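To get my numbering, take the position in the sequence shown, counting from 1, and add 1.
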Amino acid sequence: MTLAPPSGRTHDISVAGAIGRLTAEFHGRLRPHVVSRVVFGCRHDLSGSPEGALPELVERLARQRLLTSALPAAHRTDT
2 MTLAPPSGRT HDISVAGAIG RLTAEFHGRL RPHVVSRVVF GCRHDLSGSP
52 EGALPELVER LARQRLLTSA LPAAHRTDT
């Protein structure tokens, strides 16, 4: 399955790899479009970071956000 970037955003190496790996990691817990949207949001949030660091930073930030969103409400500390 190919996921198109939301609202005209472009794919880059920091996004494409992270979407694939995180979609597989969260299979059964989060829908692929949720993973994609979070990864693109992280890429946008990290746009000022050094280009060479982006693949790792995007994936790490997205994983953390996805883990937080995948937790049942009873286990979250922010509720």
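The beta-carbon is built from N, C-alpha and C at its ideal position, and this holds for glycine as well. The structure displayed is predicted, hence computed values, not measured ones.
Please classify residue i as buried or exposed, where buried requires at least 16 neighbouring CB atoms within 10 angstroms.
i	result
Arg-82	With the chain running from 2 to 80 in the structure shown, residue 82 is simply not present.
Ser-37	buried
Thr-24	buried
Glu-52	exposed
Pro-73	exposed
Are residue i and residue j close, meaning C-beta to C-beta below 7 Å?
i	j	result
Leu-55	Phe-27	no
Cys-43	Leu-31	no
Ser-48	Leu-58	no
So, under 8 Å CB-CB, residue i and residue j are touching, yes? Tell me the CB distance rounded to an integer number of Å.
i	j	result
Ile-20	Val-40	5 Å
Measure from the C-beta of residue i to each C-beta in chain B and report whether the shortest distance is under 7 Å.
i	result
Phe-27	No chain B is part of this structure, which consists of one protein chain only.
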